[in-house]
Every structure is written in structure tokens, then in C-alpha cells.
Amino acid sequence: MCGIVGYAGRNAAAPVLIESLKKLEYRGYDSAGITVLGSGIETYKAVGKIINLESETPKNLGGTVGIGHTRWATHGRPSTENAHPHNSGGNPEKISIVHNGIIENYMALKERLIGEGYVFKSETDTEVIAHLLHKHIYGRPDGKEAQCELLAGLREALKEIEGSYALAILSADEPGKLVLARKDSPLVIGLGRGENFAGSDVTAFLNYTRDVIFVNDFETVVLSPVGVEIFDREGNLREKKIEKIEWDFEAAEKAGYEHFMLKEIHEQVSAIHDTLVGKVSELEGAIHLNELNLSEDEIKKLSRVQILACGTSWHAGLLGKYLFEQLAGIHCDIDICSEYRYRNPVMNDGTLAIAITQSGETADTLAAVREIMSYNCPTLAITNVVGSTITREANSVLYTRAGPEIGVAATKTFSTQLTLLYLLAVKFALVRGKLSPDYVKSFITELRKVPGEIQQILNQKEAIKECAENFARSNSYFFLGRHLNYPIALEGALKLKEISYVHAEGFAAGELKHGPIALLDEGTPVVAIATRGQTYDKMLSNIKEVKARDAYVIAVADSKDTEIGKYADIVLRVPQSNELLAPLLSVVVLQLLAYYTALARDCSIDKPRNLAKSVTVE
């Protein structure tokens, strides 16, 4: 994943572009660059963080129209040559381009363009677009006079491109504007007064405007200081809905926290509360999900739920599987999206497909949703981003109300995904007669307590920090859980891997003696999620097995559990809660454990190596 930005206005473009790129640095931080249209095309690039680019860019750089890019390498190693923007046109250069996506047929295009005299300076697929666009506008590598306008040339070039793209393009011969295009990669326009913006994400320009237009696949855009024109695939001018982003700009800032991740762990208190607002009623014992677009009769007729997700969202979906089957009595399958498309799934009319994606732009998830829609199954998206691609492709959408999540490792988006899955499972169970309104009233009361219980955990984070520091130099971690706690064990291991670079694996605790226990040796930290419930006694047996191999047990247990201390070396406490809801509490402990481990190891917490916030290419 990469981030692109664009600006056309009355102010100097370079400071706006660099500030916008800083907001998107979570999307890629291998290298960065900008192009500003001044007396001609002026391009500056740097390897590493945006601050390196800032130091390379002249302070008095003129020009009020420009584009920028922050890169997460896919084709070609991180280097100045491979950094975007990529230009074409010789001396002087005529075209400058930034790109998020992958061009699948770039090698065939590159070989043809080389044969026609174009010289490539990078290893990237993106440079192909720059030269191909130049060819369609100027006819040949040394062409001096444009044979068509930038927009017309872009439309012709796109006919030859296979793959995904969000593009922002400048032409030295059309200095008052920039042109954009999108297919399968996110692109959003920000509307200001006397200035307009473009970006991969609204956070790029949230401090300038909250009025936005989401660009659809195969649309092209002409952006200038005085207006925005959007065209469909056939070149017809489109009227687009202007939406207002309700996030506060301050919500995307650290607000005094050392890292975004720590801030976002703390924000789970408000994020879960906000996700529940308007959706639950204790008095009625009811769950209100008006966005669901399923009647009660349709819910009763469901024979199966198919969950589609990747990464952290897959862990949320796995817990959802347990909830749908245990509470609502509906058979539930869950698939990793990148695998789902290749296994010839058996679908029927009684299946509801639920796609879970934090960004709404995950390429594998979008592809799986498109696959499943060919079976005429209803689709429901759970996402955090209003206007994202998934919201336009699924039949219905439930939004997590987490606000912007900048840290690459998902925290509050995970817990709010879980919150919606709880509501869905309970709603379906109520409609299908599996739960009584009185039970639902009690459940809602317990669910409303969760934000306050998370705050109690945050209040004791120093104990978690001390534990993390004690094991920060360990080479390997085990995470164990049973039943509802198994997905949380997987998520805890993933968080530790993502940001601290410690090898960590999550296991269903009953599987320990089927092979993984061979890896245990003296002093290996094992995190055992042992909150009270139907598998508690079995979990104690697993802890004893671990201790018999001289491993070190860190238990996550209820605050009132007096038994666990006899078996575990360290006990990290969570408030005693409904067994079903305990995973929402346990995961906060594991997030903090990962955070403080990474802090002790001096890792890049918000921007872990090799990772990006959303995987927008397959």
C-alpha cells in the first residue's frame, strides 16, 4: 500500500503536500517524493521518512499545483530511483505521475516502450504509466508538441493497463490543474475554497476541509483551484454527492500520547460506546440494526453465514463464527479472503456473506465479495471508513464508529468489529427465537459496561508494562486460548509479531500437546487467557502442562479469581464479566503487552517494518 496526495490552490503547494504526506505516512514509509509545477516540472525525492523529503525540498519552492507520494515497496527496492513521482519526456520533462496499486502487465508494456525509445530509470511498474501516457500525448519519446490533452491521453493509456491504480498526474503543458484516475485503489477528493485536494485517505487533508467526494472505479477527475470535474468511463460528466467527514482533526493527532497505537488503545473506551449508540435498548431488550437491509423473515430463513476477512479482521470473524453458532444456531464458515476465491465454494440462497475490513479497501476482501455476489447471496460489510469501496459494493453496511486509526497495528477497529458481531449474533438469535428479550436486556446491560471495564484495565497498565519489560528480550512467545479466547490468542500473537518483531504463535490450548509443546523450553513466556467460563478447568490443565516444561506462564484472568495464582507466575487481571464478553477485555491486555514490549525493544511502533495499514494490492 502507498499513499498519494494532490493539491491545486492559491497557496504554495509543497508545504501542503508534505503536510498531507505526513498524515499518510502510515500507508508507506520506504520513500517519498513530490512534484510541483513551477516554471516546469520540479521533482524532489528521498528514501525513508517524510522528514527526509522535507529536508530535501527547497523552502522557497514556488508553484501552487502539485502531487506527492509515500511508498511501501512492491516493485523494486526502496531507493531514490524507485521513489515516486516518476516522470517522462526527456529534458525538459513533460509528465509527472504518482501511483498506488500494481500494474500486472507492466513487463510487456515496458519491453514495448523500450523498443520505441523510452528510457527507464527505475525498477517500478509505475514508470510504465508515465511513459505510456507521454506516448499517447506526445507520440514519441522526443515529442515536443502535444497531440492531445492530458485527460484524453490518460483515457487512451488506461485502455492498455491491466491491474489496480489510483493516479495523480501533472503535465508541464497544462499547469493549472492535475488529473486523477482510479481502479481498485482508494481515491478521495477534498473540496476547499479556492483550493482543492486529493488523497488516498481523508486524513491527508482533514485539517483543510471535511467536505469530500469519493471517486469510484473507472472515473477520472480534473482538479483545479476553482473546481472539480469527474467523468465516467465513457467521458460523461458526473454529478457526485458531497459528503461531510465528522471526525475531528484532533482525532487523527496523538493528543499527548507517545504513539498513535497507545492513543488508539485508550480510545477503545469511547469507540465501543460510539459503536453502540442508537443500536441497543435495554428497556425493550432489542438490537436495532436498521442498516442491515434484512427482514425478520429473511433472517429466520438463513441457513448459513459466510465470513470473509484478512489479518486482524479474520480473528474478529473467527470469534463471530463462535457467536453465530452458539447464540443464533446458524452454521458459520470463515475464510481468509486470499484463499476463498480459489476453492470453488458451495453457496446457496440461504447464505449471508459478511465481509470484515477496517479500511474498506482491502484488495483480497473486495475480490472475495465480488466472487460471492455472483452467487446472488446477500452481502454485509463491516468497516470503519465511510465511502470506502466495500460500502458501494456490498448490499448493506454496518460502520464501526472508531474514528481514524493511524497506527498500522489495528486495535480499536478490532474491538469495534467485535462489538458489531456481538450485536449481529444476538439480533439473529432473538429473531430466530434462540434468546429471550429478558436475556437480551441482561446482555445489553453487560455490554454497556464494557467501556468502563476497559478503562479499569487501562488504569492498571503499569503492571502490564512491567511484565512486558521483563520478557522484552525473549526470542519467542506462546499465546493459548480455548473457545472464545482462541481468536484472542491469535490476535495477541499477531500484535506482538507486528510491532515488536518477536516470534509469537497463538494456539488453541487443547492443541498444545499435538505438537507445539515440543517447542517449549525453560523460560519461554506463555500467555494463557484463562478468564472464567466453560473451558476454565481445561485451561488450568494446559497451564500445568506448560509449567511442567519449565516455561513461564503469564495468565490473563478475572479480577476475582483466587485460584489462578497457584499455577501462573504472573497474573494480569481483567474485570469479571459475562463469559461471552470477556474477549473484549482480554484483548486490551494483549494489545498493551505488545505495545510495551515493542517500546522496550525500541521498535517503530506506529510504522512497523514491511507493513502497511491496508493491503490494497493482491
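Under our numbering, the first residue of the sequence shown is numbered 410, with each subsequent residue one higher. Using N, Cα and C, we set each Cβ at its ideal position, and we do this for glycine too.
Residue i and residue j: beta carbons closer than 8 angstroms?
{"i": "Glu-451", "j": "Thr-444", "result": "yes"}
{"i": "Ala-581", "j": "Glu-502", "result": "yes"}
{"i": "Glu-520", "j": "Phe-529", "result": "no"}
{"i": "Asp-967", "j": "Val-955", "result": "no"}
{"i": "Val-835", "j": "Val-849", "result": "yes"}
{"i": "Asn-491", "j": "Ser-609", "result": "no"}
{"i": "Ala-977", "j": "Gly-942", "result": "no"}
{"i": "Leu-905", "j": "Ala-1003", "result": "yes"}
{"i": "Ile-908", "j": "Ile-979", "result": "no"}
{"i": "Ile-781", "j": "Thr-809", "result": "no"}
{"i": "Ile-598", "j": "Ile-578", "result": "no"}
{"i": "His-697", "j": "Ser-704", "result": "no"}
{"i": "Arg-891", "j": "Ala-918", "result": "yes"}
{"i": "Leu-736", "j": "Leu-856", "result": "no"}
{"i": "Lys-432", "j": "Thr-612", "result": "yes"}
Along the beta strand (DSSP E) that carries residue i, what are the first and last residues, could you check?
{"i": "His-478", "result": "474-480"}
{"i": "Val-794", "result": "Neither: Val-794 is in no beta strand (DSSP E) and is coded neither H nor E."}
{"i": "Glu-691", "result": "Run containing Glu-691: none; DSSP gives neither H nor E here."}
{"i": "Asp-773", "result": "Element bounds for Asp-773: not the beta strand (DSSP E) but the alpha helix (DSSP H), 772-782."}
{"i": "Phe-606", "result": "605-608"}
According to DSSP, is residue i part of a helix, a strand, or is it coil?
{"i": "Lys-592", "result": "strand"}
{"i": "Ser-497", "result": "strand"}
{"i": "Val-835", "result": "helix"}
{"i": "Cys-741", "result": "strand"}
{"i": "Asp-847", "result": "helix"}
{"i": "Leu-587", "result": "strand"}
{"i": "Val-1026", "result": "Caution applies to Val-1026, whose pLDDT of 46 falls short of 50 and renders its modelled position unreliable; the value that the coordinates give is listed next. The answer is coil: DSSP assigns Val-1026 none of H, G, I, E or B."}
{"i": "Ser-440", "result": "strand"}
{"i": "Arg-419", "result": "coil"}
{"i": "Thr-649", "result": "According to the sequence provided, residue 649 is Lys. The question's Thr does not apply to it. Lys-649 falls in the coil class under three-state DSSP."}
{"i": "Val-840", "result": "helix"}
{"i": "Glu-988", "result": "coil"}
{"i": "Gly-1054", "result": "The question about residue 1054 has no answer, for the chain in this structure spans 410 to 1027."}
{"i": "Glu-638", "result": "strand"}
{"i": "Ser-633", "result": "strand"}
{"i": "Lys-553", "result": "coil"}
{"i": "Gln-715", "result": "strand"}
{"i": "Ala-762", "result": "strand"}
{"i": "Ala-622", "result": "In the sequence as presented, Ala is not what sits at residue 622; that position holds Ile. In the structure shown, Ile-622 sits in a strand (DSSP, three-state: E or B)."}
For residue i, which option in the options has the closest C-alpha, if you only look at C-alpha atoms?
{"i": "Asp-744", "options": "Ala-777, Glu-770, Val-425", "result": "Ala-777"}
{"i": "Leu-761", "options": "Gln-715, Ser-679, Gln-767, Ile-853", "result": "Gln-715"}
{"i": "Leu-889", "options": "His-912, Val-936, Gly-861", "result": "Val-936"}
{"i": "Val-817", "options": "Leu-646, Ala-877, Ile-674", "result": "Ile-674"}
{"i": "Phe-614", "options": "Gly-442, Gly-477, Leu-844", "result": "Gly-477"}
{"i": "Arg-1034", "options": "Gly-769, Ala-964, Tyr-416", "result": "Limits of the chain in this structure are 410 at one end and 1027 at the other, which puts residue 1034 out of reach."}
{"i": "Thr-854", "options": "Val-611, Lys-688, His-912, Cys-876", "result": "Lys-688"}
Go to residue i, then tell me how far its alpha helix (DSSP H) extends in each direction, as first and last residue.
{"i": "Gly-562", "result": "559-567"}
{"i": "Tyr-574", "result": "From DSSP, Tyr-574 is part of no alpha helix (DSSP H) but of the beta strand (DSSP E) over 574-580."}
{"i": "Asn-616", "result": "First-last for Asn-616: undefined, no H or E at that position."}
{"i": "Leu-1001", "result": "991-1009"}
{"i": "Tyr-749", "result": "746-749"}
{"i": "Lys-730", "result": "720-732"}
{"i": "Asp-706", "result": "705-710"}
{"i": "Glu-463", "result": "459-465"}
{"i": "Ile-674", "result": "669-675"}
Please confirm if residue i has its CB atom under 8 angstroms from at least one CB of chain B.
{"i": "Val-996", "result": "Any reference to chain B falls outside this structure, which holds one protein chain only."}
Practice prompt. Could I get the ranges of all uninterrupted beta strand (DSSP E) runs contained in the stretch 928-966, with 3 residues as the minimum, in chain order?
Written response: 934-938
Discussion item. At 4 residues or longer, what runs of the alpha helix (DSSP H) sit wholly inside the stretch 489-542?
Written reply: 515-524
Discussion item. Threshold first: 3 residues or longer. Then list the beta strand (DSSP E) segments lying entirely within the stretch 844-921, N to C.
Written reply: 885-890, 912-917
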